[in-house]
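The letter at position 115 of the sequence shown is residue 115 when you use UniProt numbering, and the numbering goes up by one with no holes. Notes to accompany the following structure.
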Amino acid sequence: MSPTVVTMRSSGDNGIGCCCFKCCTCLHFNFLKTEIGVLKILEVILGMICHSLVLNFGMQYATTIGTSYQSFLTTASWCSMTTALLIFCYIVCPRSLGLIRQSIFETAFNTIAAFSYILACSYLGYAVHMFLQPLAIVSSMIQAYPAVSTAYILGTFVALLYGYDAWKSWTIYRNFR
1 MSPTVVTMRS SGDNGIGCCC FKCCTCLHFN FLKTEIGVLK ILEVILGMIC
51 HSLVLNFGMQ YATTIGTSYQ SFLTTASWCS MTTALLIFCY IVCPRSLGLI
101 RQSIFETAFN TIAAFSYILA CSYLGYAVHM FLQPLAIVSS MIQAYPAVST
151 AYILGTFVAL LYGYDAWKSW TIYRNFR
């Protein structure tokens, strides 16, 4: 079996334009303008918003919600951090986009991230409606109920983004095999 060779063309549009010159030409920000780049940025930003909502508003009710709180925080953290690391690799080394994207790693990561988000969001949604909703009905001072509800609904959307990214990765992997 012959090895797959990936060639990347440098567009010369690298770096940051400062007045009459360019600095940081080793960085390739053009990746962020592609469909894959926008998808990765959305995954990180929305994942961090979910993480922030649950961390800021759900912390005092973590014992009430139970292990669903920790599982959602863990899922949002590891998915966002790994995706941010992939974005960093793609910006610093444009060859890594072709090499990592066509490997099974990207497909497996996105698939596992999508299923992790789906499981964590459904578990958190169940816990919120079983334990926080009765507290919110009794007391109108509970801000955790709408915030954590927003987090798991937004997390479901992030799961769909990871699912779409997994499908795109799979088609690239299948075509380069």
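Glycine included, each C-beta is placed from N, C-alpha and C at the ideal position.
Taking 7 Å as the cut-off, the beta carbon of C121 is found no closer than this to the beta carbon of Y145.
With contacts defined by Cβ atoms closer than 7 Å, V44 and A108 do not form a contacting pair. Assigned with DSSP and collapsed to three states, Q70 falls in helix. Under the rule that a run must span 4 or more residues, the alpha helix (DSSP H) segments found entirely inside the UniProt domain "MARVEL" (31–174) read 35–58, 62–65, 67–92, 94–101, 104–127 and 133–138. The C-alpha of F31 lies about 14 Å from the C-alpha of L99. For C26, the closest alpha carbon among the candidates A136, Q133, C89 and M130 is that of C89. The residue among I91, D165 and G155 with its C-alpha nearest the C-alpha of N110 is D165.
Residue environment analysis places Q143 among the exposed positions, since fewer than 16 neighbouring C-beta atoms fall within 10 angstroms of its C-beta. Excluding its 5 nearest sequence neighbours in each direction, H51 has C-beta neighbours in its own chain below 7 Å: L73, A76, S77 and S80, listed in chain order. The shortest C-alpha to C-alpha distance from F115 to any of W170, L161 and I49 is the one to L161. Short of 7 Å from the beta carbon of Q133, and not among the five residues preceding or following it, lie these beta carbons of its own chain, in chain order: Y145. Contact annotation, V148 with V54: C-beta distance approximately 6 Å; criterion of less than 8 Å satisfied.
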